[in-house]
Amino acid sequence: MTHAHITTWVVALILFVVAIALQAKGNEKTKMVHMMLRLFYVLIIATGAWILYTMSSFPALYIVKVVVGLWVIGAMEMILIRTAKGKNTNVLWLQFIVAFVVALYLGFKLPFGFSFFS
Numbered sequence: 165m166t167h168a169h170i171t172t173w174v175v176a177l178i179l180f181v182v183a184i185a186l187q188a189k190g191n192e193k194t195k196m197v198h199m200m201l202r203l204f205y206v207l208i209i210a211t212g213a214w215i216l217y218t219m220s221s222f223p224a225l226y227i228v229k230v231v232v233g234l235w236v237i238g239a240m241e242m243i244l245i246r247t248a249k250g251k252n253t254n255v256l257w258l259q260f261i262v263a264f265v266v267a268l269y270l271g272f273k274l275p276f277g278f279s280f281f282s
């Protein structure tokens with residue numbers, strides 16, 4: 165299930181970049197890509213919940229990882245919405261980058277992930 169989780173967030177990142185690019189051009193298909201991205205938010209949450217469900221016990225850092233992961237999703241959504249409204253998104257981009265780096269670090273460091281940092 166870890167591979168499915170990683171695949172969903174990689175696809176979500178690609179859709180996020182495509183949605184931002186389409187918004188910058190004023191393309192009509194932005195809304196469709198944004199809705200597909202929202203579907204992948206649900207898939208990310210579902211695969212992450214399944215990973216937690218299959219574990220017999222998990223340390224508190226997994227709860228931190230869940231919260232930071234939700235923060236990443238929230239930042240992505242807020243960036244897209246505020247960009248569509250023409251509002252400033254500098255703080256949101258900073259939040260997104262920080263939260264994404266922390267989520268990646270925790271995901272790879274914790275025992276259930278890959279052993280890049282362990």
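Using our numbering, read the sequence shown as starting at 165 and increasing by one per residue.
For glycine and all other residues, C-beta sits at the position ideal for the given N, C-alpha and C.
Could you pull out every residue in the same chain whose Cβ sits closer than 7 Å to the Cβ of residue i, ignoring the five residues on either side in sequence?
i: Phe204; result: Thr172, Val175, Ala176, Leu179
i: Met242; result: Leu256
Throw me the rounded Cβ distance for the residue i and residue j pair, which I believe falls under 8 Å.
i: Arg246; j: Leu256; result: 6 Å
i: Ala267; j: Lys229; result: 6 Å
i: Thr211; j: Met165; result: 6 Å
i: Leu244; j: Ala188; result: Not a contact, Cβ separation roughly 11 Å.
Look at residue i and residue j and say whether their C-beta atoms are less than 8 Å apart.
i: Met240; j: Phe222; result: no
i: Trp235; j: Ala213; result: no
i: Val231; j: Leu270; result: no
Alpha carbon to alpha carbon, how far is residue j from residue i? Give it in angstroms, no decimals.
i: His198; j: Val206; result: 13 Å
i: Arg202; j: Ile237; result: 9 Å
i: His169; j: Ile209; result: 9 Å
i: Asn191; j: Thr253; result: 20 Å
i: Met196; j: Lys249; result: 17 Å
Please return the same chain residues whose Cβ sits closer than 8 Å to the Cβ of residue i, not counting the five positions on each side in sequence.
i: Leu216; result: Phe222, Tyr226, Val230
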